[in-house]
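If you read the sequence shown in our numbering, its first letter stands for residue 108, the second for the next number, and so on.
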Amino acid sequence: MFINWKMREINLKIVYYGPALSGKTTNLEHIHARTKPALRGELISLKTRGDRTLYFDFMQLELGRIKGLKPKFNLYTVPGQPCYVASRRLVLQGADAVVYVADSQLNRLKANIETMRNLKSNLRALGVNPGEFPLILQYNKRDLPSIAPVALLRMQLARDGAPQFQSVATEGVGVVETLKAAINLVVSRT
Ligand SMILES: Nc1nc2c(ncn2[C@@H]2O[C@H](COP(=O)(O)OP(=O)(O)OP(=O)(O)O)[C@@H](O)[C@H]2O)c(=O)[nH]1
Ligand SMILES: [Mg+2]
């Protein structure tokens, strides 16, 4: 969180985190396409040639007011590929909340668990207690055939009380609900 008193702006950071190809960038693309241009900035995507996130995606949303201040939500995605572990930590720095985008496919269960472990270790390295950090879970790709039951994903990934959503990011299902929950969580702690 960063407050610019001169501009009366409050900057809040929400990071979409998760394994490679889970749908993080797709979430931001949908949010960008659905938000009025007056309320949002450009979607900045730094991609590899194969359309994979190289460093991060970024967009800014302006919504409502908090205590007389204008909130600016800075949305980021991390690159999910294992080789970009250092970039994930950099992007995570200063986050006010994380949306964990899990890939529901059974053959990605291990990758989901590993990336959750990586998130927790990165939070600890940044001096944050993962047990108290605002976390929202999104179980994505619910349209695909070989997916894990939500109960299994919940058992492996979730923490008691963390908001959870099922989604099909390519169709925009569950995307806005997830973002709203993240915004609510961040605002309630501001
Ligand atoms: N069937 C299906 N495909 C999806 C869904 N969400 C995303 N995809 C597809 O999954 C692929 C990866 O999506 P991205 O949004 O680029 O994934 P990412 O998490 O940003 O990947 P990295 O940047 O490599 O970490 C793309 O081909 C998407 O179209 C979904 O809900 N259902
Ligand atoms: Mg991406």
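Positions of the beta carbon are idealized from the N, C-alpha and C atoms, including for glycine.
Distance cut-off 7 Å: P186 Cβ against heavy atoms of ligand 2: yes
R159 CB to nearest heavy atom of ligand 2 below 7 Å: yes
N-terminal and C-terminal residue of the beta strand (DSSP E) that K177 is part of: K177 -> beta strand (DSSP E) spans 177-184.
Minimum C-alpha distance to F163 - residue among N247, N181, E169: N181
The alpha helix (DSSP H) enclosing N291, as first and last residue numbers: 282-295
Stretch-stretch touch, CB-based, cutoff 8 Å, three pairs: the stretch 254-269 with the stretch 211-220: Contact between the stretch 254-269 and the stretch 211-220 is present, with at least three C-beta pairs closer than 8 Å.
DSSP-derived helix/strand/coil call for V235: coil
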